[in-house]
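In terms of the UniProt record's numbering, the sequence shown opens at residue 1 and continues consecutively.
C-beta atoms are modelled at their ideal positions from N, C-alpha and C, and glycine is treated no differently.
As structure tokens, the structure follows; a few thoughts come after it.
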Amino acid sequence: MKTDIQIAQEAEMLHIREVAAKVGIEEEDLEFYGKYKAKLSDELMERVKDRPDGKLVLVTAINPTPAGEGKTTITVGLGEAMAKLGKKALIALREPSLGPCFGIKGGAAGGGYAQVVPMEDLNLHFTGDFHAITSANNLLAALLDNHIQQGNALGIDPRQVVWKRCVDMNDRVLRNVVVGLGNKMDGMVREDHFVITVASEIMAILCLADDLEDLKKRLGRIIVAYTFSGEPVTADQLHATGAMTALLKDAIKPNIIQTLEHTPALVHGGPFANIAHGCNSVRATKMALKLSDITITEAGFGADLGAEKFMDIKCRMAGLKPDAVVLVATVRALKYNGGVPKDELNKENLDALAKGIVNLEKHIENLQKFGVPVVVTLNSFVSDTEAEYEFIRKFCEDRGCEFALAEVWGKGGDGGKELAEKVLQTLETKESHYHPIYSDELSIAEKIETICKEIYGAKSVVYEPAAKKQLARIESMGFGKFPVCMAKNQYSLSDDAKLLGRPENFDIHIREVYVNAGAGFVVALTGAIMTMPGLPKVPAANGIDVEDGKITGLF
1 MKTDIQIAQE AEMLHIREVA AKVGIEEEDL EFYGKYKAKL SDELMERVKD RPDGKLVLVT
61 AINPTPAGEG KTTITVGLGE AMAKLGKKAL IALREPSLGP CFGIKGGAAG GGYAQVVPME
121 DLNLHFTGDF HAITSANNLL AALLDNHIQQ GNALGIDPRQ VVWKRCVDMN DRVLRNVVVG
181 LGNKMDGMVR EDHFVITVAS EIMAILCLAD DLEDLKKRLG RIIVAYTFSG EPVTADQLHA
241 TGAMTALLKD AIKPNIIQTL EHTPALVHGG PFANIAHGCN SVRATKMALK LSDITITEAG
301 FGADLGAEKF MDIKCRMAGL KPDAVVLVAT VRALKYNGGV PKDELNKENL DALAKGIVNL
361 EKHIENLQKF GVPVVVTLNS FVSDTEAEYE FIRKFCEDRG CEFALAEVWG KGGDGGKELA
421 EKVLQTLETK ESHYHPIYSD ELSIAEKIET ICKEIYGAKS VVYEPAAKKQ LARIESMGFG
481 KFPVCMAKNQ YSLSDDAKLL GRPENFDIHI REVYVNAGAG FVVALTGAIM TMPGLPKVPA
541 ANGIDVEDGK ITGLF
């Protein structure tokens, strides 16, 4: 069996102008990055802004397991299948981060015959968006430390600097560092921290901004530190906003590439869903809705993270209304949730399936709470059996969900036709009554409690003393109406990654709460979640190489 990168490198790509033409994008609206990728012009958005929106379909999943779910693969394959059925479809994805690409998770271009290409470009530097975000983030950090060094006219308390530097790499030794060592001219000595670029507030801002003007306003509102008297200090006060905007003026433009079957895909922005809001950019999604009949997008990790944030943060802020949700699972992952070891997942085991399917059940219930019709799909594996399929099909249909198998990994768009037809049927026969799960008027603590109890199934919420103080401060500063972005592990509905299935009677532990005033949400850190991941014992980077000018080992 060929690897993903072998399949991608053997693909015959069309020039991106031909792919863009499928959804009515003319060459003058493309800013080329070689033959196979381009950015879309601001003028294009202005021209199409008054068109009616197409349908919006979100792809999400159960909690990820080592058995694999293949959410991006399904998203890409569904878009290809829609095109094969004669629909004008566009895919809207996030850009991959270098951290997991070189770490353990790998890239994010889909897999098998349901990939977006050029795969190597996408998984590595792409069009430089992440580099621009990293530079803007670190420019703000440099200007902040320089202000303190040059007399500190704003009275910034170095012990209350909250802005962190970033790098798009898993590098655990940068989580907690000391800067300013050396002599007096090397700056003030203070503790500092790094986050991975996808956790930077600037990533969230880029993905939530409507346009360059909105981007600039949001950047200016970023809180970087507090004064000795406890007052917030913003990027505007440091006169950093203009230069940061200059670094991001091209990064805010959506990118267009293609699938292996030449279906157009907008790939733009990439906040992680376990430590950020986990959705591609508002600009790319809105542009896709204007250019297509059906936009298929995805949200990161399981529905408890990415889908919840898509519904409660992105759709609320952007005025979007999802028409249907595709919930991805695999037989293997459900058996893993039922207690089967990874090396025994290829055997039929209906008892374990019955135990593990409660994870799928909880995600179905959660998505239905948002008022959006749900289609469950199984990403097919050769080890699956008909008995297992029928058990899951009946389980889903008994809960009011359409059900379809997807074989897109091995068959591309042809393997997604059954799913595409179920989605089209759902769009035609079931109306979406989308609504967020909590109102703006609730307090931050009430919003956190709603997510923890309604979505995760927690018994109660426990705050560390520091988190309680931070929460009170955020409310007193006037940010109480902001939505909440929960930072939680992706492997369990709880904040303990080892609790699989559908855990009950557990507490969610909040250890830190802070405001992203520019992005417009409050972040609550749970359990042991890290905003700077580390590399595994054997990183994926060890297997990546270049042979005869071709990159090998990417997946």
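Proximal residues to residue i (C-beta, below 7 Å), its chain only, five neighbours per side dropped
i      : result
Lys87  : Asp293, Ile294
Leu305 : Ala273, Asn274, Gly278, Lys488, Gln490
Gly356 : Leu334, Lys335, Tyr336, Asn337, Gly338, Gly501
Ala406 : Ile74, Gly77, Thr377, Leu378, Asn379, Ser380, Gly415, Gly416, Leu419
Gly534 : Asn170, Arg172
Pro436 : Met311, Asp312, Arg316
Lys459 : Asn505, Phe506, Asp507
DSSP beta-bridge partners of residue i
i      : result
Asp545 : Thr552
Arg190 : Val179
Leu378 : Ala329, Leu405
Ser443 : For Ser443, which the question treats as bridged, DSSP gives no partner whatsoever.
Glu298 : Val59
Leu305 : Paired residues: none, contrary to the question.
Ile74  : DSSP output for Ile74 lists no bridge partner at all.
Lys39  : Glu31, Asn255
Glu512 : Leu525
Ser460 : Asp507
Ala116 : First, the amino acid is wrong: residue 116 is Val here, not Ala. For Val116, which the question treats as bridged, DSSP gives the partners Thr259.
Pro264 : Gln258
Ala276 : Answer is none; Ala276 lacks a bridge partner.
Met486 : Ala524
Val195 : Cys166
Buried/exposed call for residue i, threshold 16 Cβ in 10 Å
i      : result
Arg283 : buried
Lys2   : exposed
Glu402 : buried
Phe130 : buried
Gln6   : exposed
Asp168 : buried
Pro254 : buried
Asn183 : exposed
Val538 : exposed
Met203 : buried
Lys362 : buried
Gly457 : buried
Phe32  : exposed
Thr259 : buried
Asp4   : buried
Asn542 : exposed
Pro536 : exposed
Glu388 : buried
Lys71  : buried
Beta-carbon proximity list for residue i, same chain, < 6 Å, skipping 5 on both sides
i      : result
Gly155 : Thr227, Phe228
Asp414 : none
Gln149 : Gly187
Ala83  : Ala89, Thr263
Thr65  : Ala333, Tyr336
Arg51  : Lys290
Glu69  : Ala61, Val328, Thr330, Ala333
Ala251 : Asp129, Ala132
Val358 : Gly501, Arg502
Lys321 : Tyr434
Val513 : Ala467, Gln470, Leu471, Ala524
Distance between beta carbons of residue j and residue i, contact taken as under 8 Å
i      : j      : result
Ile474 : Val515 : 5 Å
Met244 : Leu219 : 5 Å
Leu427 : Gly54  : Contact flag wrong, Cβ pair sits at about 10 Å.
Ile508 : Ala467 : The pair is not a contact, with the Cβ atoms about 11 Å apart (cut-off 8 Å).
Asp29  : Leu44  : 4 Å
Cys485 : Lys286 : About 21 Å; that fails the 8 Å criterion.
Chain-order list of residues whose beta-carbon lies under 8 Å from that of residue i (same chain, five-residue window excluded)
i      : result
His147 : Ala153, Leu154, Ile156, Leu238
Glu241 : Residue 241 is actually Thr in this sequence, not Glu. Excluding sequence neighbours, Thr241 sits near Lys216, Leu219, Gly220, Ala235.
Lys481 : Asp440, Glu441
Ala199 : Cys166, Pro271, Phe272, Ile275, Ala276, Thr531, Met532
Asn366 : Ala303, Asp304, Ala307, Glu308, Glu454, Ile455
- Validate contact between the segment 46 to 65 and the segment 386 to 405 using beta carbons, cut 8 Å, 3 pairs: Flag = no, the segment 46 to 65 and the segment 386 to 405 do not touch.
- Query: Counting pairs of Cβ atoms below 8 Å between the segment 87 to 98 and the segment 266 to 279, do you hit three or more?
  - Reply: yes
- Task: Evaluate contact between the segment 488 to 499 and the segment 524 to 537, counting only Cβ atoms and requiring at least three cross-stretch pairs below 8 Å.
- Result: The segment 488 to 499 makes contact with the segment 524 to 537; the number of CB pairs closer than 8 Å reaches 3 or more.
- Three or more C-beta pairs closer than 8 Å, one from the segment 366 to 384 and one from the segment 325 to 339: is that the case here? yes
- Is it a yes or a no for the segment 16 to 23 touching the segment 117 to 137, going by three-plus beta-carbon pairs under 8 Å? no
- Task: Answer yes if the segment 304 to 320 comes into contact with the segment 495 to 515, meaning at least three C-beta pairs across the two stretches below 8 Å, and no otherwise.
- Result: no
- Task: Answer yes if the segment 107 to 121 comes into contact with the segment 446 to 453, meaning at least three C-beta pairs across the two stretches below 8 Å, and no otherwise.
- Result: no
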